[in-house]
Amino acid sequence: MHFKDKALYYRSIKQRFQKILSRAKPASSEGVRKSASEKRIPKLEEFLEKRDYTGALTLLEFSNTSETTPKSELWIADTSTNLACCYFYLGMYPEAQKILEDAPHSKLKNRLLFHLAHKMGNEAKLMEYHHMLEDVIEDQLSLASIHYLRAHYQEAIDVYKKILLENRDFDSDDSGSINENLSDRSSDVRLIRELNDSRDYFALNVYVALCYYKLDYYDVAQEVLQVYLQKYPDSAIAINLKACNHFRLYNGNAAQNEMKQLIDKMSNSFSFSHDLIRHNTVVFKGGEGALQILPNLVDVIPEARLNLVIYYLKQDDVREAFELIKDLEPAVPQEYILKGIVNAVMGQETNSRDNIKTAQQYFQLVGSSASECDTIPGRQCMASCFFLYRQFEEVLVYLNSIKTYFSNEDNFNFNYAQAQAAAGYFKEAEEAFLNIRNEKYKNDYIYVSLLAHCYIMNKKPQLAWDLYLKMDTTTESFNLLQLIANDCYKVGEFWYAAKAFDMLERMDPSPENWEGKRGACCGTFQYIVAEKQPNITNNDIKPHREILYYLSAHKYRYKDSVTSVSLTYSIFREKKKDKEELIVGLFIYGGLRSQLV
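Numbering-wise, the numbering used here comes out as the position in the sequence shown, counting from 1, plus 607.
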């Protein structure tokens, strides 16, 4: 190549190389050519004007290491993580998970992955992201919220109180004394009051109140909540929680009065508040309008599904309740308890051992858990578990421990009476049955039959007989008559046993009923001879005369012999023969009885 051509060639290469280098540089390189002696850090606007975005991002990240500001966070604009947050709040958890795969690492990303692991039930990932949390406000608040969602309410309270303590200036002595009492419930309200001037964390009063509400400490929850309501009286969440506290502490009417304040302040665009009000109003009214409102809220408000199940149970629509809850994977005690109840009722109605076993497992899981074993629902669960196992002495251990809280509640008294009767404590069972006022229970055959059984065992057969006389002629009345006949015979109340067996034989003239009647009549004769049989028949008819009437109404052999012996006894009785002669008559009857047997 000629020397001149070589020079042109190298010149063209140099020009191309310079063009390539210029593409990697900012539009203006004046800032780079500054004097080395000038050490001023450029401003963000200077980088942006020069389109030096790499430099701008470096400056923002450098600034964040010393002091994080909302302005720098906005400029950095982690759009993928923010988009994942939007998906999360919309309930689109798989979409949020996918977006985060390509998002840059950040504390927000870790917190969001932590919550996604909880929502999607991934315990391994939940623990992984838990260990990545740091001792900073945002991470600790995220941890407390997960504790709350997993029904670890005391742990959440401890986190909130720790945050308040660490962000408040105390004297060293005061701080130490409060830290020692961090788990002391008696000091909770005092602690919150001392910290209520912490403006940046004022909403923690609501979070703490929510935890105490879930722990059934409604009075404590109300007092903590009041601190927040004094500053923000129009808060929808706080007013709703106050209404719920009033519902638990007083009644539905008191709760509705509080809810009316929220309705008056609610805007038409605040749809969440609107749904919440409609849902809780149904609860406060005892289920009124449930079928019109709750079905549309099942996937909006978590409690809506549970309350709809409860409504179906109260309406005795067990199958609808079962269909609604069968696919629910329980995560908190209330869900385990309700699913256990539905399975127990379903198992009893369909004689399904599998449903009963499932109910036992759910009740035992809740009742034996460390967080619930000493709570009222936890003890109710253990009582229910042992009830299904038919271990009634154990049932009474748990029911007696909470009896003072439910002494006037028909539901409790009905179960308590059944357990007492099954354990053989008939006096206590009778008392519990008689405390029930709900006519639905009192008309139930289980109630009537068990109360009759208790009356008989407590030597009050007349009251059991009166229960039978009040019933219509149905299969249940026939079953009750059999119960009275057999129970009275067992405990030696032969007079009422004879009456019951006589009625049974008229309805069903079987050999078994005749044998029972004959034996009861024999027992009555023995009491008459021993002068232990009171004159308790109507219209001044003598007991032996009525027994004679019963014995004359049967079709089996030895009829004439038995009747003649009974008639002989009656003559002896009428003529007031000596006791020895009457005993001879009974011996004769006893011989006939042995032949019949």
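Using N, Cα and C, we set each Cβ at its ideal position, and we do this for glycine too. The model shown is predicted, which means the values in this text are computed figures rather than measured ones.
Quiz item: What's the C-alpha gap between P1118 and L972?
Solution: 50 Å
Quiz item: In terms of residues, what are the limits of the alpha helix (DSSP H) holding G868?
Solution: Gly is not the amino acid found at residue 868; the sequence shown has Gln there. First-last of the alpha helix (DSSP H) with Q868: 859 to 872.
Practice problem: With DSSP as the reference, label T907 as helix, strand or coil. | Solution: Residue identity check: residue 907 is Val in the sequence provided, not Thr. It is coil, neither helix nor strand.
Quiz prompt | Beta carbon of E1035 nearer than 7 Å to that of Q1027 | solution = yes
Self-check item: Whole-angstrom C-beta distance between D882 and I908, which should lie under 8 Å
Solution: 6 Å
Quiz prompt | Inter-stretch contact (C-beta, 8 Å, three-pair minimum) for the stretch 753 to 767 and the stretch 805 to 824 | solution = yes
Self-check item: Span separating the alpha-carbon of E1112 from that of G947
Solution: 43 Å
Quiz item: When DSSP labels each residue in this structure, what does Q971 get in the three-state scheme?
Solution: helix
Quiz item: Who are the near neighbours of V1098 in its chain, counting only those whose CB is closer than 7 Å to its CB and skipping five residues on each side?
Solution: The residues are I1063, M1064.
Quiz item: Exposed or buried, which one is L1207 when buried takes at least 16 other CB atoms within 10 Å?
Solution: As displayed, the chain neither begins before 608 nor continues past 1204, which places residue 1207 out of reach and without an answer.
Quiz item: For the alpha helix (DSSP H) that D1073 lies in, which residues bound it at each end?
Solution: For D1073, the enclosing alpha helix (DSSP H) stretches over residues 1068 to 1076.
Quiz prompt | D1079 (DSSP reduced to helix, strand or coil) | solution = coil
Exercise. Compute the Euclidean distance between the alpha carbons of L771 and A751, then round it to the nearest angstrom.
Key: The straight-line gap separating the alpha-carbon atoms of L771 and A751 is approximately 13 Å.
Practice problem: Give me the Cβ distance between E979 and P940, rounded to the nearest whole Å; I'm assuming they're in contact under 8 Å. | Solution: 5 Å
Quiz prompt | Span separating the alpha-carbon of L848 from that of K1010 | solution = 28 Å
Practice problem: Quick one: grab the DSSP three-state call for Y918. | Solution: helix
Self-check item: Touching by the beta-carbon criterion (3+ pairs, under 8 Å), the stretch 895 to 902 and the stretch 849 to 864
Solution: no
Quiz item: Candidates E1038, F1101, K933: which alpha carbon is nearest Y1054's?
Solution: When only C-alpha atoms are compared, the closest one is E1038.
Self-check item: Delimiting residues of the alpha helix (DSSP H) encompassing V939
Solution: V939 -> no alpha helix (DSSP H), and no H or E assigned at all.
Self-check item: R1044 versus S749: straight-line alpha-carbon distance, rounded
Solution: 48 Å
Self-check item: Endpoints, alpha helix (DSSP H) assigned at M734
Solution: 730 to 738
Self-check item: Presumed contact (8 Å Cβ cut-off) between L836 and A845, rounded CB distance
Solution: 5 Å
Exercise. Inspect the beta-carbon positions of Y969 and Y943 and report whether they are closer than 7 Å.
Key: yes
Self-check item: Close Cβ partners of I932 (< 6 Å) along its chain, the five nearest in sequence each way excluded
Solution: Hits under 6 Å: V916, K946, V949.
Practice problem: Take K872 and list the residues in its own chain whose beta-carbon comes closer than 6 Å to its own, dropping the five residues that flank it on each side. | Solution: D841
Quiz item: Among A1029, G728, N1086, T1082, which one has its Cα closest to the Cα of C1061?
Solution: A1029
Quiz item: How long is the line joining the alpha carbons of N852 and V815, rounded to whole angstroms?
Solution: Cα atoms of N852 and V815: separation of roughly 14 Å, rounded to the nearest angstrom.
Quiz item: Can you give the Cα-Cα distance for K1067 and M953, rounded to whole angstroms?
Solution: 35 Å
Exercise. Would you kindly work out how many angstroms separate the C-alpha atoms of F1101 and L1090, rounded to a whole number?
Key: 13 Å
Exercise. Taking all protein chains shown into account, decide if R997 is buried (16 or more other Cβ within 10 angstroms of its Cβ) or exposed.
Key: exposed
Quiz item: I744 to F999, Cα distance in whole Å?
Solution: Between the alpha carbons of I744 and F999 lies a gap of roughly 50 Å.
Quiz item: Within 10 angstroms of its Cβ, does I983 collect 16 or more other Cβ (buried), or is it exposed?
Solution: exposed
Quiz item: Considering only residues of the stretch 975 to 1059, which uninterrupted alpha helix (DSSP H) runs meet the minimum length of 4 residues and lie entirely inside it, listed in chain order?
Solution: 983 to 995, 999 to 1009, 1017 to 1030, 1033 to 1041, 1046 to 1049
Quiz prompt | As assigned by DSSP and simplified to three states, the class of I648 | solution = coil
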